[in-house]
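Beneath this line is the structure, given in structure tokens, with notes to follow.
Protein chains: 2
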Amino acid sequence: MQADPAKTRPASSERVTMIGDAAIEVLATKGSRGLTHRAVDLHLSWPEGTTSRYYRTRDALLTAVVQRLIEVEVSDIDAWRGATETDGPITRRRIARVLANALRHWVRGRTRQLARYELSLEGLRRPAVHDALIAGRKQLNGIVARALEADGFPAPEAQATLLVSAIDGLCHDYLLHPEIAVDARDVEDMLMRWLDAEHGAPGQGAVPSPGAK
Amino acid sequence: MQADPAKTRPASSERVTMIGDAAIEVLATKGSRGLTHRAVDLHLSWPEGTTSRYYRTRDALLTAVVQRLIEVEVSDIDAWRGATETDGPITRRRIARVLANALRHWVRGRTRQLARYELSLEGLRRPAVHDALIAGRKQLNGIVARALEADGFPAPEAQATLLVSAIDGLCHDYLLHPEIAVDARDVEDMLMRWLDAEHGAPGQGAVPSPGAK
């Protein structure tokens with residue numbers, strides 16, 4: 000990553016990355032309220048004032064955090080794309096597995112996801128943060144939509160949106176309310192049944208369930 | 000609601016309610032970071048220092064907000080219970096409708112839900128906030144679990160947890176990322192297909208979909 004040459008004080012790319020990573024940690028542990036330039040300096044054991052030389056305002060700092068979050072998650076997005084778009088035909092089992100793996104991966108990357116939830120709320124008040132998060136999410140939704148489309152699903156865009164939002168809801172509860180969260184290991188088979196039901200339903204009539212009333 | 004007689008300054012119940020409602024508004028518009036005693040005073044056009052006479056610490060103020068949120072949502076919970084437990088036998092269509100209506104209701108009560116998401120994150124650092132939120136959610140999950148059980152679902156507890164978490168994920172995106180959110184009007188039929196698939200699946204073998212691979 001190159002420092003922005005338009006900035007009057009050129010930032011070293013290493014320090015920019017360090018600030019982004021530290022700010023993600025601070026967001027996850029202290030919340031949005033705890034994210035200050037000073038807290039980032041403290042986290043990095045830097046002299047007070049260092050972070051604010053790179054990002055003057057809170058807006059600038061928050062936008063930098065989102066950029067770093069997305070930079071880190073690009074590898075996730077590439078992994079999703081690789082898992083759905085390469086190596087033979089799309090199968091429903093493969094889509095379910097990719098989605099379940101994504102959930103497990105999010106849950107393991109706890110700090111980043113907590114930072115993302117904080118930033119989602121900050122996005123209500125900061126359009127740049129909102130727009131950056133939406134751009135990342137659109138990529139994920141698009142990958143799922145293309146996989147569903149390749150497998151012949153009706154309304155793949157709406158289905159993909161629903162699936163990713165629902166899985167994010169499972170992740171949100173798993174990280175914030177573990178006492179009432181579903182076990183990520185149970186998710187793949189449930190997704191498989193869900194995909195089967197949705198694939199057959201709108202185009203060819205609802206699949207009757209043996210016990211349906 | 001009665002003021003706590005153990006408090007040295009007895010709080011009028013009306014003022015306690017006003018503080019709770021104002022704090023929910025402040026949380027939803029300014030975020031957790033913006034929730035201060037002063038901000039609540041300002042929102043209510045009260046002299047500075049009034050709110051802090053009722054709740055000295057930030058912890059006390061946050062716990063009061065959760066209590067007020069739950070107080071308001073008790074009517075929602077009663078509505079859920081009424082919709083699932085009265086007036087004839089449980090049907091799958093009725094469960095789907097109750098869940099879809101809950102989502103629509105949450106989406107309409109935007110301010111409360113945004114405050115709840117802020118408090119969920121605060122709960123990571125404040126056990127009292129966390130515990131109060133969990134208690135409310137367990138009630139909702141329990142109502143759904145009993146309805147699923149009455150309709151003969153396998154694993155009703157796990158199913159209820161999954162359904163409520165997934166619907167909360169849809170609500171989260173609808174309120175925070177409307178550009179990539181599923182339309183609440185599409186949800187009931189999707190839930191119906193999901194419930195059919197889940198009802199038939201674990202006990203009696205997966206329902207084959209016409210296009211399943």
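Order-wise, the sequence lines are chains F and G. Okay, so the first sequence: first residue is 0 according to numbering that gives the first Met the number 0, each after it adds one. Okay, so the second sequence: first residue is 0 according to numbering that gives the first Met the number 0, each after it adds one. Where is the CB? At the ideal position from N, CA and C, for every residue including glycine. On a predicted model such as this, the values are computed, not experimentally measured, just so you know.
| message | Which of the three DSSP states is assigned to H42(F) in this structure? | response | Translated into positions along the first sequence, residue 42(F) becomes position 43. If DSSP states are grouped into helix, strand and coil, H42(F) belongs with the helices.
| Residues from the stretch 133-149 of chain F in contact with chain G, defined by Cβ distance under 8 Å | I133, R136, K137, N140
| request: Check whether the Cβ atoms of G169(G) and A157(G) lie closer than 8 Å to each other. | output: Start at 1 with the first residue of the second sequence, and residue 169(G) comes out as number 170. Start at 1 with the first residue of the second sequence, and residue 157(G) comes out as number 158. One detail in the question is off: residue 169(G) reads as Leu in this sequence, not Gly. In this structure, A157(G) does not lie closer than 8 Å to L169(G) by Cβ.
| field | Closer than 7 Å at the beta carbon, the chain G residues around W193(F) | value | Numbered from its first residue, the first sequence carries residue 193(F) at position 194. Under the 7 Å cutoff, chain G gives W193, A196.
| query | Would M191(G) pass as a contact of R93(G) if the rule is Cβ separation under 8 Å? | reply | Counted from its first residue, the second sequence places residue 191(G) at position 192. Counted from its first residue, the second sequence places residue 93(G) at position 94. No; because the gap between Cβ atoms is not below 8 Å, this pair is not in contact.
| request: Measuring only between beta-carbons, confirm whether L41(G) sits less than 8 Å from chain F. | output: Indexing the second sequence from 1 puts residue 41(G) at position 42. Output row for L41(G): interface = no.
| message | Quick check on the DSSP output: the alpha helix (DSSP H) that includes V106(G) runs from which residue to which? | response | For this step, residue 106(G) is matched to residue 107 along the second sequence. V106(G) -> alpha helix (DSSP H) spans 91-107.
| According to a CB-to-CB cut-off of less than 9 Å, which residues of the stretch 164-183 of chain F neighbour chain G? | S164, A165, I166, D167, G168, L169, C170, H171, D172, Y173, L174, L175, H176, E178, I179, A180, V181, D182
| Cα separation between E197(F) and W193(G)? | Reading the first sequence from its first residue, position 198 is the one you call residue 197(F). Reading the second sequence from its first residue, position 194 is the one you call residue 193(G). Rounded to whole angstroms, E197(F) to W193(G) spans 8 Å at the Cα level.
| field | Cβ pair V64(G), A127(G) closer than 8 Å | value | As a working note, residue 64(G) is residue 65 in the second sequence. As a working note, residue 127(G) is residue 128 in the second sequence. Cβ atoms of V64(G) and A127(G): not closer than 8 Å.
| request: Taking all protein chains shown into account, decide if E70(G) is buried (16 or more other Cβ within 10 angstroms of its Cβ) or exposed. | output: On the second sequence, residue 70(G) is found 71 positions in, with the first residue counted as 1. The residue is exposed, with fewer than 16 neighbouring Cβ atoms inside 10 Å.
| request: Can you grab the Cα-Cα spacing for the pair T62(F) / V186(G), in whole Å? | output: Here residue 62(F) corresponds to residue number 63 of the first sequence, with the count starting at 1. Here residue 186(G) corresponds to residue number 187 of the second sequence, with the count starting at 1. Approximately 33 Å, taken between the alpha carbons.
| Are Y249(G) and R14(G) close, meaning C-beta to C-beta below 8 Å? | With chain G represented from 0 up to 212, any question about residue 249(G) goes unanswered, as that position is not in the structure.
| query | Three-state secondary structure (DSSP) at R125(F)? | reply | Here residue 125(F) refers to the residue found at position 126 when the first sequence is read from its first residue. Correct three-state label for R125(F): coil.
| query | Over what stretch of residues does the alpha helix (DSSP H) that includes A59(G) continue unbroken? | reply | Within the second sequence, numbered from 1, the residue matching residue 59(G) stands at position 60. Here the alpha helix (DSSP H) through A59(G) covers 57-84.
| chain F within 8 Å of M17(G), Cβ atoms only | Here residue 17(G) refers to the residue found at position 18 of the second sequence. For M17(G), the answer is no, since every Cβ of chain F falls outside 8 Å of its Cβ.
| task | Let me know the secondary structure DSSP gives D167(G) once reduced to three states. | result | The residue you call residue 167(G) lines up with position 168 of the second sequence. Of the three classes helix, strand and coil, the one that applies to D167(G) here is helix, per DSSP.
| request: Hey, could you find the ends of the alpha helix (DSSP H) T256(F) is sitting in? | output: Because residue 256(F) is not part of the residues shown, which for chain F are 0 to 212, the question remains open.
| request: Could you work out which residue in L41(F), V97(F), H171(F), V163(F) is closest to R109(F) when comparing CA atoms only? | output: In the first sequence, residue 109(F) corresponds to position 110, counting from 1. Checked all of L41(F), V97(F), H171(F), V163(F); the closest Cα to R109(F) is H171(F).
| task | Name, please, each residue of chain F whose Cβ falls closer than 9 Å to the Cβ of A120(G). | result | As a working note, residue 120(G) is residue 121 in the second sequence. For clarity, residue 120(G) is Leu in the given sequence; the question names Ala instead. The answer, in chain order, is G30, S31, L113, Y116, E117, L120, L175.
| Residues in its own chain within less than 6 Å of S11(F) by CB, not counting five upstream and five downstream? | Against the first sequence, residue 11(F) aligns to sequence position 12. Contacts found: none.
| Chain-ordered neighbours of A38(G) on chain F, where CB pairs are closer than 8 Å | The count along the second sequence starts at 1 and reaches residue 38(G) at position 39. Within 8 Å Cβ-Cβ: nothing; A38(G) doesn't reach chain F, min ~12 Å.
| query | Using the C-alpha atoms, what's the distance from D182(G) back to Q138(G)? | reply | As a first step, residue 138(G) must be located in the second sequence, where it is residue number 139. As a first step, residue 182(G) must be located in the second sequence, where it is residue number 183. Taking the straight line joining both Cα atoms gives about 26 Å.
| Top-ranked residue by Cα proximity to D20(F), from R184(F), E121(F), R111(F), G81(F) | In the first sequence, the residue the question calls residue 20(F) occupies position 21. For the residues R184(F), E121(F), R111(F), G81(F), the minimum Cα distance to D20(F) belongs to R111(F).
| Which listed residue (N100(G), R67(G), Q66(G)) has its alpha carbon closest to that of V81(G) | Residue mapping note: residue 81(G) aligns to position 82 of the second sequence, counting from 1. It is worth fixing the name first, because residue 81(G) is Gly in this sequence and not Val. Among N100(G), R67(G), Q66(G), the Cα nearest to that of G81(G) is on N100(G).
| request: On a CA-only basis, which of L175(G), R124(G), G33(G) is nearest H129(F)? Give me that one, please. | output: Sequence index remark: in the first sequence, residue 129(F) carries index 130 (1-based). Selected option, being the one with the closest Cα: L175(G).
| field | Cβ-based burial, T56(G) [other Cβ within 10 Å; buried from 16] | value | The residue given as residue 56(G) occupies position 57 in the second sequence. Counting Cβ neighbours within 10 Å, T56(G) comes out exposed, since fewer than 16 surround it.
| message | What would DSSP say about L194(G), mapped onto helix, strand or coil? | response | The count along the second sequence starts at 1 and reaches residue 194(G) at position 195. Here L194(G) sits in helix by DSSP.
| query | With a CB to CB cut of under 7 Å and the five nearest residues on each side skipped, what residues in its chain are close to S119(F)? | reply | For the purposes of this step, residue 119(F) is taken as the residue at position 120 of the first sequence. L132.
| Which residues bound the alpha helix (DSSP H) around L34(F)? | By 1-based counting over the first sequence, the position of residue 34(F) is 35. Segment: none, L34(F) is in no alpha helix (DSSP H) and carries neither H nor E.
| field | Residue of P177(G), W105(G), G33(G) minimising C-alpha distance to D75(G) | value | Mapped onto the second sequence, residue 75(G) falls at position 76. The shortest Cα separation from D75(G) among P177(G), W105(G), G33(G) belongs to W105(G).
| query | So what does DSSP say about A157(F), is it helix, strand or coil? | reply | If you number the first sequence from 1, residue 157(F) lands on position 158. Three-state result, A157(F): helix.
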